[in-house]
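In UniProt numbering, the protein residues as written are 1 to 136.
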């Protein structure tokens, strides 16, 4: 068997992905990072963006929200507030959510409201980028 990583992606709703993969790319707080089998152990923050997965010579993509990734030589465990496969993203719905969030940010909001709306905007932008880049 080829040298692989066990990739698990968990959101508050469900385990959205659990498979053996060849490589994972993550949107880290300090930039995109590629993870191969036998990677040095690491705990890192992830930011809204794109997760790339290489499995059996094919590439797959997911939009992801904020969270954390725990990396070992054999496993990548991602805990995030959003993870959606590119083919499951509803572009019209994401575009509408983006417009609503931008309109809300123009209003007078307290810090907590502004943080929630900003997170919603980041989710929408991540979804739109992934959808348009890979299934647009």
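All residues carry an ideal CB built from backbone N, CA and C; glycine is no exception. Please read these numbers as outputs of a predicted model, since none were measured by experiment.
Identify which residue in 70, 15, 124 has its Cα closest to the Cα of residue 24. 70
Between which two residues does the beta strand (DSSP E) harbouring residue 86 extend? Run containing residue 86: none; DSSP gives neither H nor E here.
In terms of residue numbering, what span does the beta strand (DSSP E) encompassing residue 63 cover? 58-64
Skipping 5 residues on each side, what residues in its chain have a beta carbon closer than 6 Å to that of residue 1? Any reading at residue 1 needs caution, since the residue's pLDDT is 42, under 50, leaving its predicted position unreliable; the model's value is listed next. For residue 1, where only same-chain residues beyond five positions count, there are no Cβ hits under 6 Å.
Beta-carbon proximity list for residue 95, same chain, < 8 Å, skipping 5 on both sides: 124, 128
Look up residue 122 in the DSSP assignment and say whether it is helix, strand or coil. helix
Closest by C-alpha distance to residue 46, when choosing among 79, 73, 15, 121: 79
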